[in-house]
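Here the structure comes first, spelled out in C-alpha cells, and everything after it is commentary.
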Amino acid sequence: AHVRARVYRYRYTTRHERHTTGAWWHRTPLGDHLPPSAP
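Quick note: the sequence shown, position 12, residue 12 per our numbering, numbers continuous.
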C-alpha cells in the first residue's frame, strides 16, 4: 500500500460559490506533507 499526506488550505465558500456549487468549503492544495512512499 502507498501512503501520501497532502496539505490543503480550507476556507468557507462565498455566498455565490455556495449557491453555484453547493459546496461549504473551498480547498487550495499547498503541497505534500509526506511524499508518496511504498513499503
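Virtual Cβ for every residue (Gly too), placed ideally from N, Cα, C.
message: Let me make sure I understand the geometry here. Which of R18, R4, H19, T13 has the alpha-carbon closest to that of R27?
response: T13
For A5, the residue or residues it bridges with in DSSP: L34
task: Please report how far the alpha carbon of D32 lies from the alpha carbon of Y10, in whole angstroms.
output: 15 Å
message: Given this structure, state the Cα-to-Cα distance separating Y8 from H16, to the nearest angstrom.
response: 22 Å
Own chain, CB closer than 6 Å to A5, minus 5 neighbours either side, in chain order: H33, L34
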